[in-house]
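Residue numbers (this note's numbering), protein chains in the order written: chain A, 7 to 323; chain B, 2 to 210. Built from N, CA and C at the ideal position, the CB exists for glycine as well. Bear in mind that the values here come from a model prediction, so they are computed numbers and not experimental data. Report on the structure given below.
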């Protein structure tokens, strides 16, 4: 039965269906908040409204790049890494003597994405964790300023891992070889990853607003509750089950992978929250002019992308 | 030719380079179209400052604005002077006042450019300073404004430029930075120290904006 359905409806149109679904959801959310706003003008909708607006932009750009040409997707994702790296580097207060090493860290972004593009897995997987990890401290040392150098070495590598190495796994999904009987391919996997990660954010937010009572880590993120966390995980796992046609995984595998996306998505979110708390900005988007707030959008992706990639890589490739 | 070159460089090339690569958030300067003539007064930390200001102004104004720069720095030889004149449209002035030779006096040079109808970009801090640290303002802007009190000045404040490209280092390392404009304002008093204090206050307001 499932096989017939898959053949009839989904075989050629998986991506289109999900795209239609995403835009349908966005239309639904926009209308919903508009109507709630009309009925109850006092409802605090500014945050969800601006979130929805940025989803429109993100979804259009992302889906446009993905559907039309996957070469553009590599560049688009690399640019995402670049902007995220610049944003967090600008906030962390590096020393002026770090600038040369930072420059090389910027240069590593196109290299990392090129390695993903030419599908050289061995180099892709060691370039930042090994090559840059060893090289950047040396570049810092050559400058000769040792006061505070350990902090610079640590923070620089951490930003690079988070915003470049982690996010670049999204691009590598597009380079994965074709599998027999799996037509959605890398684009399907990428769509699955991004959609589930974002729906998990939305679900955790919504369940937290609806039922949230028991806080998980009030010192880091006062809005995160057990109710939101569990509601998010359950919903995301269920939605992942229905989107299984975007992946080459079996039912149990899809359930497990979706659960993991939900779980580490939450982890990425709170890790970034704690960093923001440390720097003293609550919302990177609004407090400091010049910071577009991209990190607020991709904090969970930085965690889900590598985890999802390696799970799928292990299970199916 | 020069007009088209300047428009292409600033309103297209540099504007996108600064926005997309360097990460400068550029405040809209469309309000300048309503002003006949003005002096943009900005803080100064980087060579990127002039580029950013010129990239931010409306395309049709680019060739009518002259950034004021120190002659000893940008006119070390003939070629450099010509290049900065053609590509940056600079007004080169000496750093010291010259009472004996009014032709060569920096204030007179600025007044002459204003009388020719140009608008100016002026960095009253003088030389580029350390990132995010204000230096005392030099009185030149006061002399110019007190002699042309009908011309409005426009305060502009830039953050992060000195981190993207600091003094003494010509490597650009992208850093999220920003440019904010204040409102075009006339001076309230003819006294030099009052004018400087007024501008300093504008800078502080913009910095905290």
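Between the C-alpha atoms of residue i and residue j, what's the straight-line distance to the nearest angstrom?
i	j	result
residue 229/A	residue 214/A	7 Å
residue 23/A	residue 203/A	18 Å
residue 297/A	residue 85/A	Any reading at residue 297/A must be qualified, since the residue scores a pLDDT of 38, below 50, and its modelled position is unreliable; the value itself is stated next. Going from the Cα of residue 297/A to the Cα of residue 85/A covers about 15 Å.
residue 293/A	residue 43/A	Only weak support is given to the placement of residue 293/A: the predicted model assigns it a pLDDT of 37, under 50, and the value that follows is read from those uncertain coordinates. Their backbone Cα atoms lie some 25 Å apart in a straight line.
residue 133/B	residue 98/B	28 Å
residue 147/A	residue 155/A	8 Å
residue 130/B	residue 73/B	17 Å
residue 2/B	residue 87/B	10 Å
residue 198/A	residue 70/B	55 Å
residue 124/B	residue 42/B	6 Å
residue 140/B	residue 153/A	38 Å
residue 2/A	residue 200/B	Residue 2/A is absent from the model: chain A starts at 7 and stops at 323.
residue 177/A	residue 315/A	10 Å
residue 189/A	residue 318/A	15 Å
residue 182/A	residue 195/A	10 Å
Enumerate in chain order the residues of its own chain whose CB-to-CB distance from residue i is below 7 Å, with the five nearest sequence positions on each side excluded.
i	result
residue 15/B	52, 56
residue 48/B	166
residue 207/B	156, 158, 181, 183
residue 87/A	115, 169, 170, 173, 174
residue 209/A	237, 238, 241, 242
residue 193/A	21, 72, 76, 180
residue 4/B	64
residue 1/B	Past the edges of chain B, shown from 2 to 210, lies residue 1/B, and the structure says nothing about it.
Among the options, which has the Cα closest to the Cα of residue i?
i	options	result
residue 179/B	10/B, 44/B, 6/B	44/B
residue 191/A	322/A, 39/A, 35/A, 119/A	322/A
residue 166/A	141/A, 261/A, 216/A, 279/A	141/A
residue 33/A	118/A, 66/A, 52/A	66/A
residue 191/B	166/B, 149/B, 208/B, 156/B	149/B
residue 34/B	22/B, 62/B, 7/B	62/B
residue 19/B	71/B, 94/B, 175/B, 93/B	175/B
residue 66/B	75/B, 193/B, 37/B	37/B
residue 239/A	261/A, 77/A, 115/A, 81/A	261/A
residue 107/A	145/A, 78/A, 134/A	145/A
residue 96/B	76/B, 81/B, 80/B, 84/B	76/B
residue 111/A	80/A, 61/A, 171/A	171/A
residue 89/B	105/B, 104/B, 108/B, 121/B	121/B
residue 244/A	205/A, 78/A, 218/A	205/A
residue 134/A	100/A, 181/A, 58/A, 162/A	162/A
residue 312/A	279/A, 257/A, 179/A	179/A
residue 22/B	189/B, 209/B, 162/B	162/B
residue 31/B	135/B, 80/B, 128/B, 54/B	54/B
residue 186/B	164/B, 151/B, 91/B	151/B
residue 336/A	211/A, 301/A, 83/A	The first residue shown for chain A is 7 and the last is 323, placing residue 336/A beyond what the model contains.
residue 150/A	300/A, 104/A, 100/A	104/A
residue 99/A	37/A, 160/A, 309/A	160/A
residue 101/A	205/B, 164/B, 194/B	164/B
residue 106/B	117/B, 119/B, 118/B, 92/B	92/B
residue 173/B	54/A, 113/A, 270/A	113/A
residue 46/B	197/B, 210/B, 160/B	160/B
Just to confirm my understanding: we take residue i, look at its own chain, exclude 5 residues before and 5 after, and list those with CB closer than 6 Å. What are they?
i	result
residue 8/B	60, 63
residue 275/A	305, 306
residue 82/B	76
residue 265/A	243
residue 28/A	65
Take residue i and list the residues in its own chain whose beta-carbon comes closer than 8 Å to its own, dropping the five residues that flank it on each side.
i	result
residue 62/A	32, 36
Does the region 90-105 of chain A come close enough to the region 117-131 of chain A that 3 or more CB-CB pairs lie under 8 Å? No, the region 117-131 of chain A is not in contact with the region 90-105 of chain A.
Taking 8 Å as the cut-off, does the region 104-112 of chain B touch the region 142-152 of chain B (at least 3 CB pairs, one atom from each stretch)? Yes, since at least three Cβ pairs between the region 142-152 of chain B and the region 104-112 of chain B fall closer than 8 Å, the two stretches touch.
Across the region 217-224 of chain A and the region 250-267 of chain A, are there enough close Cβ pairs to call them in contact, namely three or more that are closer than 8 Å? Cβ pair count under 8 Å is below three, so no.
Return the residues of the region 98-121 of chain A that lie within a Cβ-Cβ distance of less than 7 Å from chain B, sorted by chain order. Cβ contacts with chain B come from 102, 105, 108, 109, 112.
Report the residues of the region 149-168 of chain B with a CB closer than 8 Å to any CB of chain A, ordered along the chain. Within the region 149-168 of chain B, the residues whose Cβ lies closer than 8 Å to some Cβ of chain A are 160, 161, 164, 167, listed in chain order.
Check distances from the C-beta atoms of the region 170-184 of chain B to those of chain A and list, in chain order, the residues that come in under 8 Å. Under the 8 Å Cβ criterion, the region 170-184 of chain B contributes 170, 172, 174, 175, 176, 177, 178, 179, 181.
Chain D contacts made by the region 68-94 of chain A, where a contact means CB separation under 7 Å: In the displayed structure, chain D is absent; the protein chains listed are A and B.
Check each residue of the region 112-136 of chain B: if its Cβ is closer than 7 Å to any Cβ of chain A, include it; give the result in chain order. Closer than 7 Å at the C-beta level to chain A, one finds no residue of the region 112-136 of chain B.
In the region 260-281 of chain A, which residues sit with their C-beta less than 7 Å from some C-beta in chain B, listed in chain order? Residues of the region 260-281 of chain A that bring their beta carbon within less than 7 Å of a beta carbon in chain B are absent altogether.
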